[in-house]
Amino acid sequence: MVLNSLQIKAKIQEAVAQVLEKHYSIPYPAEKVSIEKTSPDFEGDFTVLLFPLLKLKIGKPEEIGEKIGKYLQYEDIVSNYVVIKGFLNLTLSDKLWQNFILFTNQEWEQFLNSAHVEKPQKILIEYLSPNTNKPLHLGHLRNGFLGASLAQILKAVGHQVNTVCLFNDKGVHICKSMHAYMQNGCTHTPQEKGIKGDHFVGDLYVQFERLLQEQIETLQKNQGLSKEQAMHQAPAMQAVQELYRRWEAQEPEVLDIWKKMNQWVYEGFEQSFETFGFHFDKYYYESQTYTLGKAIVQEGLEKGIFIQKPDGSVTIDLTSEGLDEKILLRSDGTSVYITQDLGTAEKRYYDFAPHISIYVIGNEQDYHMKVLKLILQKLGKPYAQGIYHLSYGMVDLPSGRMKTREGNVVDADEIAQEMILTAQKMTQELGKTEGLTPQELEKLYRILGLGALKYFLLKVDPQKRMLFNPEESIDFKGHTGTFIQYTHARIASVLRKAKEENLIFSSTFEPIFTAPLEKKLVLWLCFYPEILLQAAAQYSPAILANYIYEGARLFSNFWAELPILRAQPAEIAQTRIILASLTGKVISHAMHLLCIEVPEKM
RNA sequence: GGUUCCGUAGCUCAACCGGAUAGAGCAACAGAUUUCUAAUCUGUCGGUUGCAGGUUCGAGUCCUGCCGGAAUCACCA
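In this text, residue positions in the first sequence follow our numbering: the first is 480, and each later residue adds one.
Here you go:
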């Protein structure tokens, strides 16, 4: 019994190795045989590449291909084969496909389980990790959807996965919004103003940045300072640094404001996390890990890996590794970003002891993450090797990078709301609200709006930067989450009708394939476990997203060209019902791994 | 300036880790609905894969050089 494309490929590889052994007395490792999906322009399902065999100098590719084809035919794996140049194109036998769909239909769990890795591992994923001085924006959403989806995918292939979120809740940037709040006389609350806490604090941050910008410009103009000098000398900046020193000194009045403001942000975040489906096993706070980070700095000093400068600051010299000198502790003894990361890394290890620790962080921090891993390695930390930076590309706007400071950001809550509203508008325009209660419709709009948003961000290879154009917004047609959801709704609809009409198949039923599109769909189905493994191995939900789209497109062709319920004779109808059912199951399962829901009706 | 990453159709993205004639969507145009949901389907148009070499049976993919873009090299996070 074959369950998936991997097993089919393995069978073919084995057959090739046996032919080489029997006919040419050449031992050839089966796994070295390259098998691919046959190009759509040619007849066949799988293709054996014969070129590599030429190096064995045992004959022409046509002859070797002929022998392999014969053997596979004899083994009842293929029904037909053609050798073209160095390609041996194989058409798998109907019998194999019949067994495949019957078995998969009956033993769905086994089909899914065939995607399990040999060695499950404990994997920790850190994602999202926002600053507590501003609300989430589109970039956070890419990060969040990537992390949340990756966790699902890794679980689906059998790993043990935990997710954590680190709040960057301390630092100079946090003090900026605090400073603005204090300047305003510590008046007003989010409740009073009727806005979410994270937005309330974010507005203060922007207010501060404006003030700072003004001061810098004035200093530059009046005193002829460089931009950098002006920034350090600006009264607002000095006030913030002073505030930060007081924070690290744990002055109660500063801590009180800090706690109050952070609490507002967490309340706002909680709402957003719920909307977007971000769930974590544990939260970390830099305000709680930086002291551990300082202890590690001390440890490094004792081991002679770090250097203390005369002014008191601590650094590490990485120039021999092709990097620079990195500061680990300021001269006034306060911690920097990486100090905190050292502490957090240590703490996570003691909490979860993962084999692999994935950090979902933007590629702007490639250098930082390289340094972090290197330092931990130099310190001889056992977990250093398992650190993996999943570096994803920025979400750019046509005008360039999003910058909170300059206010040109796409706000996460806003874009979600917009998407949901658009979904509502489209559903109403298309007249598809019938038969659904107001509550069901509300739910549908959310599923559609958020689905389109998530799919948009997940379909692109994580490593590549991507562009979001607010003018064009996100489509609901074509290569979109909506199209996939729509395909699922159609499948659900036809299956409901099949049930109503009592089109249930008997156990002795033998599927028949009469159209090429049916075979294309089966071929697509059998790849699901392989795709899952690939997406997991490459940490890429995009691979899965593109696979689902391909299936939805195939099914739409199928739907347009072939009748399902009314097909005659009944065996054909039943075969197509199974195909529809399996396609629906794969779409639904895979979409859930992308954290996208699929509707039964739309 | 050093380091790293990226250049594929007008636009947004693919291309199964070196395989056959580089594929989708959007946009534009032309068609398809007495039949299971037209948020769909079919067709047309659209390419010197930034440029130049190299490696080999075979290169968008690998190596070198150039051109163009981005990130980073903070006592910011």
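Think of the CB as a built atom: it goes at the ideal place given N, C-alpha and C, for glycine as much as any other residue. Quantities reported herein were computed from a predicted structural model and do not represent experimental measurements.
Would DSSP call residue i helix, strand or coil?
| i | result |
| --- | --- |
| T517 | coil |
| G676 | helix |
| Y764 | strand |
| K634 | helix |
| I602 | strand |
| M945 | strand |
| I866 | strand |
| C654 | helix |
| H595 | coil |
| K561 | Looking at the sequence shown, residue 561 is not Lys but Val. DSSP places V561 in strand when its eight states are reduced to three. |
| I806 | strand |
| Q720 | helix |
| D890 | strand |
| N612 | coil |
| N622 | helix |
| L567 | strand |
| L535 | coil |
| N981 | coil |
| T668 | coil |
| H639 | This sequence places Gln at residue 639; His is not what is there. If DSSP states are grouped into helix, strand and coil, Q639 belongs with the strands. |
| T697 | helix |
| L528 | strand |
| L645 | strand |
From this set, the options, which residue's C-alpha is nearest residue i's C-alpha?
| i | options | result |
| --- | --- | --- |
| L571 | D735, S810, D555 and N1036 | D555 |
| E500 | W587, I537 and Q631 | I537 |
| L1012 | L629, G747 and N948 | L629 |
| P995 | L853, Q589, R975 and E1040 | E1040 |
| K739 | K601, F752, I835 and T611 | T611 |
| T1085 | M1081, G772 and D677 | Beyond the ends of the chain as shown, which are 480 and 1081, falls residue 1085; an answer cannot be given. |
| E721 | T770, C654, D677 and G673 | C654 |
| R477 | K826, C1074, L974 and I736 | Residue 477 is absent from the model: the chain starts at 480 and stops at 1081. |
| E1050 | A1069, P1078 and F988 | F988 |
| D845 | I866, P833 and I835 | I866 |
| S656 | G664, V685 and A1069 | V685 |
| Y769 | F646, K998, F992 and G783 | F646 |
| Y1026 | I1056, L1073 and L528 | L1073 |
| H502 | I632, I543 and D677 | I543 |
| A468 | L485, T906, D520 and P833 | Given a span of 480 to 1081 for the chain in the structure shown, any question on residue 468 remains unanswerable. |
| P519 | E541, G548 and L569 | L569 |
| L567 | A1021, K826, Q907 and Q492 | Q492 |
| L876 | R827, R944 and A863 | R944 |
| L869 | K700, L915, E893 and Q942 | Q942 |
| A863 | Y829, E843, S878 and P990 | Y829 |
| G812 | F755, Y723 and G841 | Y723 |
Cα separation between residue i and residue j?
| i | j | result |
| --- | --- | --- |
| Y764 | A774 | 17 Å |
| L982 | Q1053 | 7 Å |
| E688 | V651 | 12 Å |
| Y507 | H1071 | 41 Å |
| Q662 | L932 | 38 Å |
| H967 | Y934 | 15 Å |
| N584 | G910 | 34 Å |
| Y606 | P1008 | 25 Å |
| F947 | V498 | 53 Å |
| A594 | H1068 | 13 Å |
| F992 | L821 | 60 Å |
| D803 | V850 | 9 Å |
| A496 | V512 | 8 Å |
| R880 | H619 | 13 Å |
| S1035 | F521 | 22 Å |
| M848 | Y871 | 13 Å |
Counting only runs that start and end within the stretch 997-1074, where is the alpha helix (DSSP H) found for 4 or more residues in a row? 1007-1016, 1020-1040 and 1049-1072
Any contact between the stretch 994-1010 and the stretch 1061-1074? By contact I mean 3 or more CB pairs, one from each, below 8 Å. yes
Would you check if the stretch 759-766 and the stretch 663-681 touch, i.e. whether three or more CB-CB distances between them fall below 8 Å? no
Counting beta carbon pairs with one atom in the stretch 787-803 and one in the stretch 727-742, are three or more of them shorter than 8 Å? Here the stretch 727-742 does not lie against the stretch 787-803, with fewer than 3 beta-carbon pairs under 8 Å apart.
Could you tell me whether the stretch 557-568 touches the stretch 576-588, where touching means 3 or more Cβ pairs closer than 8 Å? no
Could I get the ranges of all uninterrupted beta strand (DSSP E) runs contained in the stretch 746-797, with 3 residues as the minimum, in chain order? 761-764 and 793-796
Within the chosen definition, does the stretch 632-643 reach the stretch 948-963 through at least 3 CB pairs nearer than 8 Å? no
Just checking, does the stretch 899-910 make contact with the stretch 920-930 on the three C-beta pairs under 8 Å criterion? yes
Could you check whether the stretch 1031-1040 touches the stretch 962-974, counting it as contact only if at least three pairs of C-beta atoms, one from each stretch, sit closer than 8 Å? yes
4 or more residues per run - each alpha helix (DSSP H) lying fully within the stretch 815-882: 816-831 and 845-857
If you pair each beta-carbon of the stretch 850-869 with each one of the stretch 883-897, do three or more pairs fall below 8 Å? The stretch 850-869, when compared against the stretch 883-897, does not touch it at the 8 Å Cβ threshold.
What are the start and end residues of each continuous alpha helix (DSSP H) run of 4 or more residues lying completely inside the stretch 908-943, in chain order? 917-937
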